[in-house]
Structures are given as C-alpha cells and as structure tokens.
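J.:
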Amino acid sequence: MTSENNAKGGFNTRAVHAGQAFEPRTGAVIPPVHFSTTYAQDGIGGLRDGYEYGRGTNPTRDALQEQLASLEGGKHAFSFSSGLAAEDSLIRALTRPGDHIVLGNDAYGGTYRLISRVLGEWGITNKPVDMADLDAVKAAVADGQTRILWVETPSNPMMKISDLAALAEIAHAAGALFVVDNTFATPYLQQPLSFGADIVVHSTTKYIGGHSDVVGGAVIVNDDELAEKIGFVQFAVGAVSGPMDAFLTTRGLKTLGVRMDRHSTNGQAVAEFLLQRPEVSHVLYPGLKDHPGHELAAKQMKSFGGVVSFRLKGGEAAARKFAESLRLFTLAESLGGIESLVNYPSEMTHASVKGTELAVPEDLLRLSVGIEDEQDLLADLKQAFGAL
Ligand SMILES: *Cc1c(COP(=O)(O)O)cnc(C)c1O
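Just so we're aligned: 39 in the working numbering is position 35 of the sequence shown, and the numbers increase by one with no gaps anywhere.
1) How far does the alpha helix (DSSP H) with HIS176 in it reach, from first residue to last?
2) Give the DSSP bridge partners of PHE314, in chain order.
3) Which residue marks the beginning of the beta strand (DSSP E) containing HIS80, and which one marks its end?
4) Compute every distance between the C-beta of LEU88 and the non-hydrogen atoms of ligand 1, then say whether any falls below 6 Å.
5) Determine the extent of the beta strand (DSSP E) in which THR61 is found, giving its start and end residues.
6) Taking buried to mean at least 16 other C-beta atoms within 10 Å of its own C-beta, is VAL33 buried or exposed?
7) Would you identify the three-state DSSP class for LEU292, choosing helix, strand or coil?
8) With respect to the beta strand (DSSP E) encompassing GLU156, which residues constitute its N-terminal and C-terminal limits?
9) What is the residue span of the alpha helix (DSSP H) that PHE326 lies within?
10) For the putative contact between ASP249 and GLY220, defined by C-beta atoms under 8 Å, what is the C-beta separation to the nearest angstrom?
11) Can the beta-carbon of SER393 be found less than 7 Å from the beta-carbon of ALA391?
12) In terms of residue numbering, what span does the alpha helix (DSSP H) encompassing HIS267 cover?
13) Counting Cβ pairs, one atom from each stretch, are 3 or more of them under 8 Å apart for the segment 296-303 and the segment 338-346?
14) Tell me whether TRP154 is buried or exposed, calling it buried when 16 or more other Cβ atoms sit within 10 Å of its Cβ.
15) So, with DSSP's three-state summary, where would you put THR115?
16) Classify PHE188 as helix, strand or coil using the three-state DSSP reduction.
17) With distance defined between alpha-carbon atoms, name the residue in ASP384, SER350, ASP110 and ALA275 nearest to LEU362.
18) At a threshold of 6 Å, does GLY219 count as lining ligand 1 (C-beta to nearest heavy atom)?
19) At a cut-off of 6 Å, is ASN160 close to ligand 1 when judged by its beta-carbon and the heavy atoms of the ligand?
20) Can you tell me whether PRO349 is helix, strand or coil according to DSSP?
21) Beta carbon of ALA22, beta carbon of SER74: below 7 Å?
22) Exposed or buried, LYS293, counting other C-beta atoms within 10 Å across all chains shown (16 or more means buried)?
23) Roughly how many whole angstroms lie between the Cα atoms of GLU378 and THR269?
24) Give the single residue among ALA180, ARG52 and LEU72 whose Cα lies nearest to the Cα of ALA4.
25) Taking a contact to mean a Cβ-Cβ separation below 7 Å, would you say GLU320 touches GLU366 in this structure?
26) I'd like to check one pair, GLY242 with HIS215: are the Cβ atoms closer than 7 Å?
27) Less than 7 Å between the C-beta atoms of VAL204 and ILE224, yes or no?
28) Along the chain, where does the beta strand (DSSP E) containing ILE203 start, and where does it finish?
29) Below 8 Å on the Cβ atoms is my guess for GLY60 versus PHE239; work out the distance and round it to an integer in Å.
30) DSSP three-state call for ASN109: helix, strand or coil?
31) Give me the Cβ distance between GLY297 and ILE165, rounded to the nearest whole Å; I'm assuming they're in contact under 8 Å.
32) Secondary structure at VAL218, three-state DSSP: helix, strand or coil?
33) Beta carbon of GLY127, beta carbon of GLY102: below 7 Å?
34) Can you tell me the Cα-Cα spacing of SER7 and LYS317, whole angstroms?
35) So the candidates are ALA90, GLY246 and MET135; which of them puts its Cα closest to the Cα of TYR57?
36) Which residue wins for smallest C-alpha separation from GLY77, given the options LEU332, VAL37, ALA275 and ASP227?
Here it is as structure tokens:
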C-alpha cells in the first residue's frame with residue numbers, strides 16, 4: 005500500500021500523528037482497530053476508498069505503514085507478520101534463481117538461515133563478508149551476479165559499525181541494491197535512506213514495537229518501482245501483519261523517540277560500568293571512545309542505542325554463570341523492549357549459526373538495556389559479578 009507522508013513536523017511529532025487522524029464520525033482520538041476482513045461494495049466493483057479484502061488492504065495496517073514511511077523518511081512502507089517475513093518477501097520480490105546476495109559476516113542468525121537454507125534451495129547464492137573491510141566488499145560484489153548488498157549496523161551481536169554511504173556507493177557501482185536492516189538503530193537514531201540505501205528492513209518486534217508484546221516486520225523504500233514489486237509480493241503471498249499487531253506496533257512507535265533516548269543513556273552507563281570491571285575482557289558498544297566504529301557511528305547515528313555486548317575473561321563458564329545470576333535483567337532472547345534482557349548468543353539467538361562463518365564467541369553476552377533506573381541496572385550487574 006502506497007503511503008504519502010502527510011504529517012509534518014519533527015520526528016516525535018510525526019511519530020505521534022502520522023497516519024493517526026482522529027475518526028471523523030465520533031471524533032475518537034485513537035482511530036478504531038479495523039478487524040473486518042472484507043468491505044461492502046456500492047455496486048459490483050464500487051469500492052469505498054479502495055478497500056476490498058483484508059490481505060490486500062486494511063486501514064489499521066495502512067496507518068502503521070504511513071507512520072513507518074514518515075519516520076524512515078521513505079515514500080512507501082510495507083508491514084509484515086515478522087521481521088523474517090518482511091525479509092523473505094522483499095528478497096523474493098527482487099531476486100531470481102541464480103542471483104547472489106552479499107551480506108555481513110555477523111548478520112542476524114535468522115537472516116543468514118533464511119538466505120542460506122530457504123532461499124538457497126530456491127537458487128539464491130550468498131557470501132558473508134566483513135562489512136568494515138570495504139575492499140573485501142568491493143571484491144565480493146564484483147561478480148556481476150550480486151543483486152543485493154545486505155548490511156546491519158550496529159550488527160547483532162558484535163556491534164560492528166558499517167559505513168552506510170560508502171557501502172551504498174559500492175553496491176550501486178556494482179549494479180546491486182543496498183539493503184539495510186535498521187532494527188538495532190531504529191529510524192530515530194539512524195535513517196539509512198538518507199545515506200543512499202535503497203531499502204530499509206526492520207524487525208518491528210524489537211525497538212519499534214518496544215514492549216515485547218508483538219512480533220512484526222517492515223520494509224521501507226523511496227523508489228516507486230521497487231515499491232510496486234514489494235507491494236505485489238506482500239499482497240500475493242500475504243505475510244501481512246494482522247490488525248491487532250499493527251495497532252500495537254503503531255502504539256509502540258509513537259513513543260520511540262523518548263524510549264530510545266533513555267535506552268541510549270542507560271546503554272552508555274552500562275557500557276562504561278562494564279569497562280571498569282576486571283572480569284570483562286571486551287565491551288562492544290559504539291558509544292565508547294575506543295570502539296573501532298565510534299567515529300563513524302557518531303556521524304551516522306543520533307546516539308548509540310541500548311544494546312551492549314561484552315566478553316568475559318572467564319570464558320564460556322563465566323558467561324553462563326553471569327547470565328544465570330542476573331535478576332533484574334531477564335534471561336531471554338530478543339531485545340528492544342522497555343525491560344532489560346540478557347542473552348547468551350552462542351546457545352540462544354545465534355545457535356543456528358554455530359559452526360558456520362557467522363559463529364559468535366562463547367564468552368560473549370548481549371544485554372538489551374531497558375528503560376529502568378540506571379542505579380538498579382548497575383546494582384544487578386554488580387551482584388552478578390559477585391556470583392562469579
Ligand atoms: C529479530 C531480528 C530479525 C528477525 O525479526 P523477527 O521479527 O524475529 O522475524 C531480523 N534482524 C534483526 C537485526 C533482528 O534483531
């Protein structure tokens with residue numbers, strides 16, 4: 005569904021108002037959630053405002069799509085039932101068997117599984133590359149068959165920062181589309197379309213929904229032709245978000261700016277605390293001055309977000325013990341919610357890439373730092389160090 009941006013103003017104003025005009029009949033400030041799967045026609049083919057059938061269009065989903073397009077600075081947004089459904093639909097819309105995808109060598113495990121094991125069966129080939137090594141990326145996309153260059157920045161869970169403007173140029177010089185998974189940064193912290201990306205993809209399950217209560221995904225583009233292809237697959241395959249999911253995602257997205265400010269402040273405080281601890285060997289957070297991507301991140305991002313990864317000198321045993329000793333941080337997969345979580349990637353979120361080029365270190369923990377009070381978060385980390 006095409007969504008022209010209608011709300012004006014700054015990011016937070018558009019977050020609250022884009023796609024959210026009050027309901028004209030009653031004046032309900034929050035538009036009703038539209039559950040109807042079908043729409044009455046005024047005579048055969050006489051559609052009201054284009055609405056016909058729920059897989060194709062739904063007013064609650066349209067409102068979310070308008071809000072997403074506005075916030076990413078794109079012309080068209082498409083909402084899906086999950087982040088991976090969004091990725092699958094966009095790849096199927098834009099590739100054919102024999103095409104090649106070059107992706108970051110620390111891509112989200114589920115993205116790699118989709119590209120290598122599902123789309124691989126369908127004839128798509130792939131090559132994971134270190135996106136910080138621009139010469140290696142150039143060499144990888146120069147095969148004449150690369151259709152997509154796919155990057156996450158910051159990446160999950162190693163928090164590597166990639167140069168969006170440089171990668172856009174490399175992709176375009178090779179005739180490839182540049183896709184950015186902007187799940188970690190969110191449009192509040194970073195807007196890849198403004199750096200030359202063709203397509204932005206999100207797991208809205210994370211910061212955009214923001215409350216760990218709805219799974220979803222999104223694709224945002226500027227180009228009309230790309231939009232037509234992706235929109236066709238969204239309609240023809242039907243991996244769309246349901247009305248209640250779309251409503252919850254819209255509700256979360258309205259507060260994205262205030263949440264991200266707090267996630268970033270708390271993330272910075274946690275990273276600086278971990279840096280002081282003798283038990284820790286590495287802290288991976290782009291807000292730290294000695295992070296190799298710090299300057300680039302400061303250029304591309306408004307602040308550095310709430311995900312902090314770190315490695316323990318005591319190895320796998322220490323990482324497991326620490327994760328299981330935290331109390332305020334819940335041991336769980338996922339990230340981006342208001343509550344703090346701890347994840348042991350090598351056995352949890354990234355178990356599917358064990359033994360591949362994308363495997364993650366066994367002494368690594370990833371924190372999703374929530375919006376609780378800083379002193380309570382630091383106290384919990386401190387007591388978990390005490391348990392080592
Ligand atoms: C979670 C995640 C996905 C997958 O999204 P789902 O909503 O779980 O399908 C993709 N990319 C990144 C960076 C993620 O964190």
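For each residue, glycine too, the CB sits at the ideal point set by N, CA and C.
T.: If we stick to the structure as given:
1) The residue you call residue 176 lines up with position 172 of the sequence shown. Segment 168-177, the alpha helix (DSSP H) holding HIS176.
2) Taking the sequence shown and counting its residues from 1, one reaches residue 314 at position 310. Its beta-bridge partners are VAL287 and LEU369.
3) By one-based count along the sequence shown, residue 80 stands at place 76. Run containing HIS80: 80-84, per the beta strand (DSSP E) assignment.
4) Indexing the sequence shown from 1 puts residue 88 at position 84. Yes; taking the cut-off as 6 Å, the Cβ of LEU88 has a heavy atom of ligand 1 nearer than that.
5) The count along the sequence shown starts at 1 and reaches residue 61 at position 57. Where THR61 is concerned, there is no enclosing beta strand (DSSP E), given that its DSSP letter is neither H nor E.
6) Here residue 33 is taken as the residue at index 29 of the sequence shown, counted from 1. Classification of VAL33: exposed, given that the 10 Å Cβ count is below 16.
7) Here the question's residue 292 lines up with position 288 in the sequence shown. The answer is coil: DSSP assigns LEU292 none of H, G, I, E or B.
8) Here residue 156 refers to the residue found at position 152 of the sequence shown. Start and end: 150-156.
9) Start at 1 with the first residue of the sequence shown, and residue 326 comes out as number 322. From DSSP, the alpha helix (DSSP H) with PHE326 extends over 319-329.
10) Your numbering for residue 249 matches position 245 in the sequence shown. Your numbering for residue 220 matches position 216 in the sequence shown. Yes, ASP249 and GLY220 are in contact; Cβ-Cβ is about 5 Å, under 8 Å.
11) Here the chain comprises residues numbered 5 to 392, so residue 393 is not present and cannot be evaluated.
12) As a first step, residue 267 must be located in the sequence shown, where it is residue number 263. Start and end: 260-279.
13) no
14) Locating residue 154 in the sequence shown gives position 150, counting from the first residue. TRP154 is buried by the Cβ-count criterion.
15) Residue 115 sits at position 111 when you count from the first residue of the sequence shown. In this structure, THR115 counts as helix in the three-state DSSP scheme.
16) If you number the sequence shown from 1, residue 188 lands on position 184. Three-state DSSP puts PHE188 in coil, outside helix and strand.
17) Locating residue 362 in the sequence shown gives position 358, counting from the first residue. Cα-wise, what sits closest to LEU362 is ASP110.
18) The residue labelled residue 219 in the question sits at position 215 within the sequence shown. Checking the sequence shown, residue 219 turns out to be Val, not Gly. Yes, since a heavy atom of ligand 1 falls inside the 6 Å radius drawn around the Cβ of VAL219.
19) Position 156 of the sequence shown, counting from 1, holds the residue named residue 160. Yes; taking the cut-off as 6 Å, the Cβ of ASN160 has a heavy atom of ligand 1 nearer than that.
20) Within the sequence shown, residue 349 is the residue found at index 345, counting from 1. In the structure shown, PRO349 sits in coil (DSSP, three-state: anything other than H, G, I, E or B).
21) In the sequence shown, residue 22 corresponds to position 18, counting from 1. In the sequence shown, residue 74 corresponds to position 70, counting from 1. Taking 7 Å as the Cβ cut-off, ALA22 and SER74 qualify as a contacting pair.
22) Taking the sequence shown and counting its residues from 1, the one referred to as residue 293 is at position 289. So LYS293 ends up on the exposed side.
23) Sequence index remark: in the sequence shown, residue 378 carries index 374 (1-based). Sequence index remark: in the sequence shown, residue 269 carries index 265 (1-based). Near 9 Å, if we compare the C-alpha coordinates of THR269 and GLU378.
24) One cannot answer for residue 4 here, as it falls past the ends of the chain, which runs 5 to 392.
25) Taking the sequence shown and counting its residues from 1, the one referred to as residue 320 is at position 316. Taking the sequence shown and counting its residues from 1, the one referred to as residue 366 is at position 362. Yes, they are a contact pair.
26) For the purposes of this step, residue 215 is taken as the residue at position 211 of the sequence shown. For the purposes of this step, residue 242 is taken as the residue at position 238 of the sequence shown. No, they are not a contact pair.
27) Locating residue 204 in the sequence shown gives position 200, where the first residue counts as 1. Locating residue 224 in the sequence shown gives position 220, where the first residue counts as 1. Cβ atoms of VAL204 and ILE224: closer than 7 Å.
28) Along the sequence shown, one-based indexing puts residue 203 at 199. Taken as a continuous stretch (DSSP letters only), the beta strand (DSSP E) holding ILE203 covers 203-207.
29) Here residue 60 refers to the residue found at position 56 when the sequence shown is read from its first residue. Here residue 239 refers to the residue found at position 235 when the sequence shown is read from its first residue. Yes, they are in contact, since the Cβ atoms of GLY60 and PHE239 sit about 5 Å apart, within 8 Å.
30) The sequence position of residue 109 within the sequence shown is 105, counting from 1. If DSSP states are grouped into helix, strand and coil, ASN109 belongs with coil.
31) Start at 1 with the first residue of the sequence shown, and residue 297 comes out as number 293. Start at 1 with the first residue of the sequence shown, and residue 165 comes out as number 161. Right, the Cβ-Cβ distance comes to about 3 Å (below 8 Å), so this counts as a contact.
32) Residue 218 sits at position 214 when you count from the first residue of the sequence shown. Three-state DSSP puts VAL218 in coil, outside helix and strand.
33) On the sequence shown, position 123 is the one that residue 127 refers to. On the sequence shown, position 98 is the one that residue 102 refers to. Going by C-beta atoms, GLY127 is nearer than 7 Å to GLY102.
34) Sequence index remark: in the sequence shown, residue 7 carries index 3 (1-based). Sequence index remark: in the sequence shown, residue 317 carries index 313 (1-based). Because SER7 sits at a pLDDT of 36, beneath the cut-off of 50, its placement in the model cannot be relied upon, and the following sentence gives the value as read from the coordinates. Each residue's Cα considered, the two are about 50 Å apart.
35) If you number the sequence shown from 1, residue 57 lands on position 53. When only C-alpha atoms are compared, the closest one is GLY246.
36) As a first step, residue 77 must be located in the sequence shown, where it is residue number 73. Considering only alpha carbons, the answer is ASP227.
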